[in-house]
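Numbering (my numbering), first residue to last: 50 to 314.
Just so it is clear, CB atoms sit at the ideal spot from N, CA and C, and this is done for glycine as well.
Because the structure is a prediction, the values reported are computed rather than measured.
Now the structure itself:
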């Protein structure tokens, strides 16, 4: 009886299996690369839209504070109840509210890829809280102005006092969140735009504390306190404009850096 040759079916079958696994592995790797590229392109697009939104929001913030300074100048000149002062006031706070709404929309409808200005938290929830507090303070200021026009000064003082505490809560939250961010690295490792934002946020905090003190002085029955608070308030409004200009400066640096990165890629 002749010896039976070993079967080659199994090795052949195994050879076929290996031949099928390699294309499947290649396809899987290609799909993963495509998914990574798509994710990267989406993040780039989100980052670009975020850069545009934050720059627009802070430019609008500057315009709002510029009009607020104009109103303070009219008030200092004794023209606060003239039509021109009213026309200046409402667009000023409308622009401030619009700035806050734009920032809020970024965290509601998109993903904030780049931190800037008042928004340096990695959590969209905290960024939303910052925007809501800013918007709430602006709305309360408008309500107070309406009562001022009606010469209901007692209600105006109370509303402004509440508004000042809301703004202070926002400033504390903003500064605390950015201090946490800096704590993850170090001040020396922070980029220039973030340092400018930090200085601006410290200024906002100081102005917010000052605002609370001024509102209590205005709420005081002593006329001397009220007169001093009015003068100090006129001095602080330009500093709010300075803080917003610092935000825009930081954003311009940030945009230039990002554009250079995109071009190099």
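Rank the options by C-alpha distance to the C-alpha of residue i and give the top, closest one.
i, options, result
"residue 198", "231, 102 and 138", "138"
"residue 205", "242, 191 and 222", "191"
"residue 175", "147, 262, 224 and 127", "224"
"residue 218", "113, 306 and 182", "182"
"residue 100", "155, 129 and 142", "155"
"residue 148", "102, 307 and 125", "102"
"residue 283", "307, 293, 294 and 256", "256"
"residue 189", "285, 145, 305 and 231", "145"
"residue 293", "171, 226, 210 and 245", "245"
"residue 211", "157, 115, 260 and 306", "260"
"residue 179", "150, 111 and 285", "150"
"residue 209", "220, 243 and 264", "264"
"residue 258", "141, 277 and 220", "220"
"residue 222", "162, 170, 142 and 143", "170"
"residue 18", "285, 267 and 242", "Coverage of the chain is limited to positions 50 through 314, which leaves residue 18 absent and any answer about it impossible."
"residue 213", "162, 177, 267 and 227", "267"
"residue 177", "305, 143, 226 and 141", "226"
Count the other CB atoms within 10 Å of the CB of residue i; is the residue buried (16 or more) or exposed (fewer)?
i, result
"residue 229", "exposed"
"residue 184", "buried"
"residue 240", "exposed"
"residue 303", "buried"
"residue 187", "buried"
"residue 160", "exposed"
"residue 194", "buried"
"residue 117", "buried"
"residue 70", "Note that residue 70 scores 49 on pLDDT, short of 50, meaning its location in the model is unreliable; the coordinates nonetheless yield the value given after this. Its Cβ having fewer than 16 others within 10 Å, residue 70 is exposed."
"residue 89", "Its pLDDT being 41, under 50, residue 89 is placed unreliably in this model, and the coordinates cannot settle the point."
"residue 125", "exposed"
"residue 201", "exposed"
"residue 247", "buried"
"residue 152", "buried"
"residue 203", "exposed"
"residue 215", "buried"
"residue 127", "exposed"
"residue 321", "Given a span of 50 to 314 for the chain in the structure shown, any question on residue 321 remains unanswerable."
"residue 130", "exposed"
"residue 318", "In the structure displayed, the chain extends from 50 to 314; residue 318 sits before or after that span and is not available."
"residue 280", "exposed"
"residue 133", "exposed"
"residue 172", "exposed"
"residue 136", "exposed"
"residue 157", "exposed"
Counting only beta-carbon atoms, is residue i nearer than 8 Å to chain D?
i, result
"residue 224", "Although the question refers to chain D, the structure presented lacks it and comprises just one protein chain."
Runs of 4 residues minimum, wholly inside the region 166 to 211: which ones carry the alpha helix (DSSP H) assignment? 173 to 198
Using 8 Å as the cut-off, can you tell me whether the region 298 to 308 makes contact with the region 115 to 135, which would need three or more C-beta pairs spanning the two stretches below that distance? no
Three-pair Cβ contact test at 8 Å for the region 280 to 296 versus the region 247 to 254: yes
Using 8 Å as the threshold, is the region 162 to 170 in touch with the region 99 to 107, meaning 3 or more CB pairs across them? yes
Ordered list of beta strand (DSSP E) runs contained in the region 113 to 153, each at least 3 residues: none
Identify every run of the alpha helix (DSSP H) within the region 217 to 301, keeping only runs that are complete inside it and at least 4 residues long; order them along the chain. 241 to 268
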